[in-house]
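Trainee:
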Amino acid sequence: MIGATIEDLGYGIYCLDAHYIKEGVACCYLLIEGSQVAIIETGTAHTVEAIQAALGSLGLPLDAVRYVVPTHVHLDHAGGAGVLMARCREATLVVHPRGARHLIDPSRLIEGVKAVYGEEAYSELYGELVPVKEERVVVAEDGAVIELGGRSLQIRHTPGHAEHHFCVWDTRSQGWFTGDTFGLSYNFETLADERLILPTTTPVQFDPDKLLDSLDLLMSYDPRRMYLTHYGVLEAPANYVQSLKHQIRSWSQMALNLALEDDREQAIAEKLSESLRQQILEQWPNVDAAEILNDLAMDIELNAQGIEVWLKRNEQ
Numbered sequence: 001m002i003g004a005t006i007e008d009l010g011y012g013i014y015c016l017d018a019h020y021i022k023e024g025v026a027c028c029y030l031l032i033e034g035s036q037v038a039i040i041e042t043g044t045a046h047t048v049e050a051i052q053a054a055l056g057s058l059g060l061p062l063d064a065v066r067y068v069v070p071t072h073v074h075l076d077h078a079g080g081a082g083v084l085m086a087r088c089r090e091a092t093l094v095v096h097p098r099g100a101r102h103l104i105d106p107s108r109l110i111e112g113v114k115a116v117y118g119e120e121a122y123s124e125l126y127g128e129l130v131p132v133k134e135e136r137v138v139v140a141e142d143g144a145v146i147e148l149g150g151r152s153l154q155i156r157h158t159p160g161h162a163e164h165h166f167c168v169w170d171t172r173s174q175g176w177f178t179g180d181t182f183g184l185s186y187n188f189e190t191l192a193d194e195r196l197i198l199p200t201t202t203p204v205q206f207d208p209d210k211l212l213d214s215l216d217l218l219m220s221y222d223p224r225r226m227y228l229t230h231y232g233v234l235e236a237p238a239n240y241v242q243s244l245k246h247q248i249r250s251w252s253q254m255a256l257n258l259a260l261e262d263d264r265e266q267a268i269a270e271k272l273s274e275s276l277r278q279q280i281l282e283q284w285p286n287v288d289a290a291e292i293l294n295d296l297a298m299d300i301e302l303n304a305q306g307i308e309v310w311l312k313r314n315e316q
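Sequential numbering from 1 applies to the sequence shown in the UniProt record's numbering.
#1: Does the distance from the CB of F166 to the CB of H96 come in under 8 Å?
#2: Just list the beta strand (DSSP E) runs in the region 247-284, keeping only unbroken ones of 3 residues or longer that don't cross its boundaries, in chain order.
#3: If you reduce the DSSP assignment to three classes, tell me which class G82 lands in.
#4: In chain order, what residues of the same chain lie with their CB nearer than 7 Å to the CB of N303, ignoring the 5 residues before and after it?
#5: Mind the definition here: the region 6-21 touches the region 40-59 only if three or more C-beta pairs lie below 8 Å; say whether that holds.
#6: Measure the C-alpha to C-alpha separation of L211 and Q52 and round it to an integer number of angstroms.
#7: Between which two residues does the beta strand (DSSP E) containing E33 stretch?
#8: Helix, strand or coil for Y240, going by three-state DSSP, please let me know.
#9: Going by Cα to Cα distance, which pick from E135, A64, E134 and Y117 is closest to G127?
#10: Which residues does DSSP pair with R151 in a beta bridge?
#11: Who are V309's beta bridge partners in DSSP?
#12: Note down the Cα distance separating A67 from H164, rounded to an integer number of angstroms.
#13: Could you compute how far the alpha carbon of L62 sits from the alpha carbon of C88?
#14: Thinking C-beta only, is A269 closer than 8 Å to I300?
#15: Near A259, which residues of its chain fall below 7 Å by C-beta distance, leaving aside the five closest residues on each side in sequence?
#16: In the structure shown, what three-state DSSP assignment does H72 receive?
#17: Is it buried or exposed for S185, if we count other Cβ within 10 angstroms and need 16 for buried?
#18: How should T171 be labelled, buried or exposed, when 16 other C-beta atoms within 10 angstroms of its C-beta is the threshold for buried?
#19: Please determine if the region 76-90 and the region 125-144 are in contact, where contact requires at least 3 C-beta pairs separated by less than 8 Å.
#20: Secondary structure at Q36, three-state DSSP: helix, strand or coil?
#21: For the alpha helix (DSSP H) holding L103, just list the boundary residues, first then last.
#22: From the DSSP output, read off the bridge partner residues of D17.
#23: Hey, out of Q205, A100, V69 and V37, whose CA is closest to E308's CA?
#24: With a CB to CB cut of under 7 Å and the five nearest residues on each side skipped, what residues in its chain are close to S252?
#25: In terms of residue numbering, what span does the alpha helix (DSSP H) encompassing L218 cover?
Set out below in structure tokens:
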């Protein structure tokens, strides 16, 4: 099973479970510098109570929050932005230029999610998407720096997972808040302290070449750690980046080889599952790969959907 973490990571950084689907799937981060707070990733509207409680346990009021920073506008990362901003009266929402309009007016986001999941599942997963007033939104261009009590946080645009994605570089911790750019790596109890990592290629803007370039950008900073939204801190990212790159390249080629399959998306999902099974057994021969793959079933399905969308885009 996937284990959950709520923990002090040092450097004034706290990891908080976002309560998305189940524990250990998604998190958000509190950065505290002096009496000021930045929140990176909001989770969904259901996450906001946990964020408020966490701040209270640290002796910090909501008015201490200066910045709310979703890495992109997918709803497990930004769905709680409006509710959180309504409570954090001193905060500014920092968002990618391509994502700002969707948080100022989330009607298209809501419509799209309801079309996929239905009204009931939408409410259960994400709660209420509340618009953010435009005057409280700052559009972060590539290379922009925000200051938090003298602590510098740099924004770098990182397309590949989504065109509206950026990552946040924290000089103090020498770490990146990576959103979905550096993949996902859950805390599987069966792997103890070891980590399995895989890319996230979810719809609708996956682009392997751009994602590879974004990984190179992140690694050019010589980071000591990555703060993943899915899930938690990953130390020594240089040990993992080649695996990510290999998977991105091999999955893309695999999909191209399946271009003429009748049920292409299903074929892609099956190949992804088999590829991951082999990877797991090569690294951990005594582990129950089926249990891990069961926990990854939703991610495999979403990855297959995103790769299928990429193939269709290439065919046009």
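Note that CB positions come from ideal geometry on N, CA and C, so glycine has one too.
Quantities reported herein were computed from a predicted structural model and do not represent experimental measurements.
Mentor: Reading from the atomic positions:
#1: Pairing F166 with H96 gives a Cβ-Cβ distance under 8 Å.
#2: Correct list: empty.
#3: It is helical.
#4: Sequence-distant partners of N303 (beyond 5 residues in either direction) whose C-beta falls short of 7 Å from its own C-beta, in its chain, are T200, T201, T202 and L272.
#5: Taking 8 Å as the limit for Cβ pairs, the verdict is that the region 40-59 does touch the region 6-21.
#6: Straight-line measurement puts the Cα of Q52 at about 34 Å from the Cα of L211.
#7: Unbroken beta strand (DSSP E) run through E33: C27 to E33.
#8: In the displayed model, Y240 falls within coil according to three-state DSSP, outside both helix and strand.
#9: Nearest C-alpha to G127: Y117.
#10: Listed as beta-bridge partners of R151 by DSSP are L148.
#11: The beta-bridge partner set that DSSP reports for V309 is empty.
#12: Residue identity differs from the one stated: residue 67 is Tyr in this sequence, not Ala. Cα-Cα distance, rounded: 18 Å.
#13: In a straight line, the C-alpha of L62 is about 5 Å away from that of C88.
#14: Their beta carbons are under 8 Å apart, which means I300 touches A269 by this criterion.
#15: The beta carbon of A259 sits closer than 7 Å to those of L311, all from its chain and outside the five residues before and after it, given in chain order.
#16: In the structure shown, H72 falls within a coil segment according to DSSP collapsed to helix, strand and coil.
#17: By the 10 Å Cβ count, S185 comes out buried.
#18: By the neighbour-count definition (other C-beta atoms within 10 Å, threshold 16), T171 is an exposed residue.
#19: The answer is yes - the region 125-144 touches the region 76-90, with three or more Cβ pairs under 8 Å.
#20: The three-state reading of DSSP puts Q36 in strand, counting E and B together.
#21: Run containing L103: A100 to I104, per the alpha helix (DSSP H) assignment.
#22: In the DSSP output, where bridge partners are listed per residue, D17 has C27.
#23: The candidate whose alpha carbon is nearest that of E308 is Q205.
#24: Hits under 7 Å: P208.
#25: P208 to M219 is the span of the alpha helix (DSSP H), which, as asked, contains L218.
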